[in-house]
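Trainee: Position in the sequence shown counted from 1, then plus 13, gives you this note's numbering.
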Amino acid sequence: MKLAITGSNGYIGKHLLDFFLKEAYCIVGMQRNYLSIKNNLSFLYYDLSDNVDFSDHKDIDVLIHCAFVEFSQTNKNADTVNTKAATNLISECSITRTKIIYLSTFSAHESATSHYGVNKFKLESLFKDAGHIVLRLGIVVSEDGGMFPQMLHTIRSSKVLPLISGGHQPMQFIDIKRLCEVVKKAIHYKGTVNEFNIGSCDYITMERFYNKIILKLNLKRYRIYVPIWIMFLVIKFSKIIGIQLPFNNENLLGLKAMRYIETMDSLLELEMPIFYSMDVFKLFLLKVES
């Protein structure tokens, strides 16, 4: 079977590429930076701003769409770029009869207010209406990227930990190994469901997550509970005085819109074992002490 992966050099894309190469699939890596060609791996230059050219790859069975341009002050047209790219992929894949698996996020829902959540939610509709599959993902974690290493660095390096809105945001995780298995299941799925919620069947709040890591590392840290409206004011003031903060309005809007998503039915539909936040958390804890 031949797969194409957009954003194959990205955080999730590179893991999928390595996984499916080991599974002996033929892979087309679709990215802007040149990809060294080897057995079962070919390269197709791809930029979301350009129309895709499948003239040399008309035999692709499944396309896994990971690439996404995030909105920022330097990428104000990101939503338009992502939407046009999705429309183009759907059109071209209809010609080659290629199945698309679109990787979305739990941040995408009708109550989302961030560009990220709103745009992802809109793209979901485009792919579902065209008969393709949407995998809506919780927080994806691995040893080499994602939220876990970032939060671990924050906990280790700072004695004061701000908890926005009390740290009550529900977090549902999936480790990269499970995600690769889920995508494999979706590739071969023959059922009628075309959207799946993929993540732990329960959740852990951000405050509980911090507490578990602090306990594991035997650290003493001070927690400050910060109302989210104060953080919006901080961002506004920082812009006035020209200070660059490590977070922005998009991050806060994403935090504000976080909610628990039911996942058990989706996992069972794909014949995946159900799992819980501690199953993922334990994998991470094994690396924390190293």
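Just so it is clear, CB atoms sit at the ideal spot from N, CA and C, and this is done for glycine as well.
Any heavy atom of the ligand NAP inside 8 angstroms of the beta-carbon of H128?
Mentor: Absence of the ligand NAP is noted for the structure shown, with no ligands found whatsoever.
Trainee: Give the range of the beta strand (DSSP E) segment to which A17 is assigned.
Mentor: That run of the beta strand (DSSP E) goes 15–19.
Trainee: Determine the extent of the alpha helix (DSSP H) in which D194 is found, giving its start and end residues.
Mentor: Before going on, a small fix: residue 194 reads as Glu here, not Asp. First-last of the alpha helix (DSSP H) with E194: 189–200.
Trainee: Just list the alpha helix (DSSP H) runs in the region 74–162, keeping only unbroken ones of 4 residues or longer that don't cross its boundaries, in chain order.
Mentor: Runs found: 91–109, 128–142.
Trainee: For M291, name the three-state secondary structure that DSSP assigns.
Mentor: Residue state, collapsed to three classes: helix.
Trainee: Among the residues of its own chain, which have a CB less than 7 angstroms from the CB of T111, if the five just before and after it don't count?
Mentor: I73, D74, V75, L76, listed in sequence order.
Trainee: Can you name the residues that DSSP bridges to S55?
Mentor: Paired residue(s): V41.
Trainee: Determine the burial state of Q257: buried for a count of at least 16 other Cβ atoms within 10 Å of its Cβ, exposed for fewer.
Mentor: That one is exposed.
Trainee: Take N64 as the anchor and find which of K197, T96, S49 has the nearest alpha-carbon.
Mentor: Comparing Cα positions, the closest option is T96.
Trainee: Output needed for Y289: all residues of its chain with C-beta closer than 6 angstroms, excluding positions within five of it in sequence on either side, in chain order.
Mentor: Excluding positions up to five away in sequence, the list reads S213, C214, D215.
Trainee: So S85 and A270 are supposed to be a Cβ contact under 8 angstroms. How far apart are they, rounded?
Mentor: Actually they are not in contact, since the Cβ atoms of S85 and A270 sit about 18 angstroms apart, beyond 8 angstroms.
Trainee: Taking the straight line between their C-alpha atoms, what separation do you get for L136 and I189?
Mentor: Taking the straight line joining both Cα atoms gives about 23 angstroms.
Trainee: Pick out whichever of I113, M277, P240 has its Cα sitting closest to the Cα of Y202.
Mentor: The option with the nearest alpha carbon to Y202 is I113.
Trainee: Which residue from E83, L16, E282, S62 puts its Cα closest to that of F56?
Mentor: Taking only the C-alpha atoms, the option nearest F56 is L16.
Trainee: Does the beta-carbon distance from K141 to E83 come in below 9 angstroms?
Mentor: Contact: no.
Trainee: Around the C-beta of L228, are 16 or more other C-beta atoms found within 10 angstroms, so that it is buried, or is it exposed?
Mentor: Classification of L228: exposed, given that the 10 Å Cβ count is below 16.
Trainee: In its own chain, which residues sit with a C-beta less than 8 angstroms from the C-beta of M164, not counting the 5 before and 5 after it?
Mentor: Excluding positions up to five away in sequence, the list reads F222, Y223, I226.
Trainee: Does any C-beta atom of chain D lie closer than 9 angstroms to the C-beta of L48?
Mentor: Going by chain labels, chain D is absent from the structure shown, which holds only one protein chain.
Trainee: Mind checking whether S117 and G267 have CB atoms under 9 angstroms apart?
Mentor: Cβ distance not < 9 angstroms, so S117 and G267 don't count as in contact.
Trainee: Give the straight-line distance between the Cα atoms of N261 and P175, rounded to the nearest whole angstrom.
Mentor: Computed Cα separation, rounded: 15 angstroms.
Trainee: So is Y20 buried or exposed if we call it buried at 16+ other beta carbons inside 10 Å?
Mentor: Reading off the sequence shown, one finds Gly at residue 20, where the question assumed Tyr. Classification of G20: buried, given that the 10 Å Cβ count is 16 or more.
Trainee: Look up Y235 in the DSSP assignment and say whether it is helix, strand or coil.
Mentor: In this structure, Y235 counts as strand in the three-state DSSP scheme.
Trainee: Anyone know if the C-beta pair for G151 and I211 falls short of 9 angstroms?
Mentor: Yes, these two residues count as a Cβ contact at 9 angstroms.
Trainee: Among residues of its own chain, excluding the 5 on either side of C39, which ones have a beta-carbon nearer than 6 angstroms to its beta-carbon?
Mentor: Excluding residues within five positions, the ones whose Cβ falls inside 6 angstroms are K15, N53.
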